[in-house]
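> Numbering (my numbering), first residue to last: 96 to 234. Just so it is clear, CB atoms sit at the ideal spot from N, CA and C, and this is done for glycine as well. Sharing a structure, written as structure tokens. Questions coming.
Here is the structure:
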């Protein structure tokens, strides 16, 4: 999958848009009130968008948001370097400062999240696109 990022002026929110032909699900993590909050899942149908964070990102002081995208067959769709906790069903996981990630102990599993640097913008949109096939690059 290709991940394109951009600031938007329409509404103050964090959006994820699906520019593929397949449904996928996302979980989103960010710092909130001194703790780290991860929440999932939002279904993102083909050629549509969802807004997991509907507030002004500047007001929330969210420079970094973390996204995990999972196909309906369980395949990771975004390459990420940040390990965080998820569950197969809807969930909210709150990690307090100074506490280890203990996903397994808490009944969660570890997954890789991609970091999105919003640059302190009020709004941000992540566009997930279909990957180019091996033969289909520019010539």
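Checking 7 Å against the spacing of the C-beta atoms, do residue 209 and residue 160 come in under that value?
It is not a contact, given that the beta carbons lie outside the stated cut-off.
> If you run the structure through DSSP and keep just helix, strand and coil, what is residue 174?
Coil at residue 174, not helix or strand.
> Check whether the region 191-210 and the region 172-181 touch, using three or more Cβ-Cβ pairs below 8 Å as the test.
Touching, per the Cβ criterion.
> What residues in its chain sit with their C-beta under 6 Å from that of residue 151, if we drop five residues either side in the sequence?
Excluding positions up to five away in sequence, the list reads 107 and 217.
> Please report the distance separating the alpha-carbon of residue 192 from that of residue 198.
In a straight line, the C-alpha of residue 192 is about 15 Å away from that of residue 198.
> By the three-class DSSP mapping on this structure, what secondary structure does residue 184 have?
Note: residue 184 maps to coil in three-state DSSP.
> Residue 43 to residue 116, Cα distance in whole Å?
Nothing can be reported for residue 43, as the shown portion of the chain is limited to 96 through 234.
> Can you grab the Cα-Cα spacing for the pair residue 135 / residue 125, in whole Å?
When rounded, the distance between both Cα atoms is 12 Å.
> I'd like to know whether the C-beta atoms of residue 145 and residue 119 end up nearer to each other than 7 Å.
Result no, Cβ atoms of residue 145 and residue 119 do not sit closer than 7 Å.
> When you compare each of 215, 137 and 109 to residue 183 by their alpha carbons, which one comes out closest?
If we check each option's Cα against that of residue 183, 137 comes out closest.
> Count the other C-beta atoms from every protein chain shown that fall within 10 angstroms of the C-beta of residue 187, then say buried if there are 16 or more, exposed otherwise.
With fewer than 16 Cβ atoms within 10 Å of its Cβ, residue 187 is classed as exposed.
> If you draw a straight line from the C-alpha of residue 211 to the C-alpha of residue 133, how long is it?
When rounded, the distance between both Cα atoms is 14 Å.
> Can you tell me which of 109, 194 and 221 puts its alpha carbon nearest to the alpha carbon of residue 149?
When only C-alpha atoms are compared, the closest one is 109.
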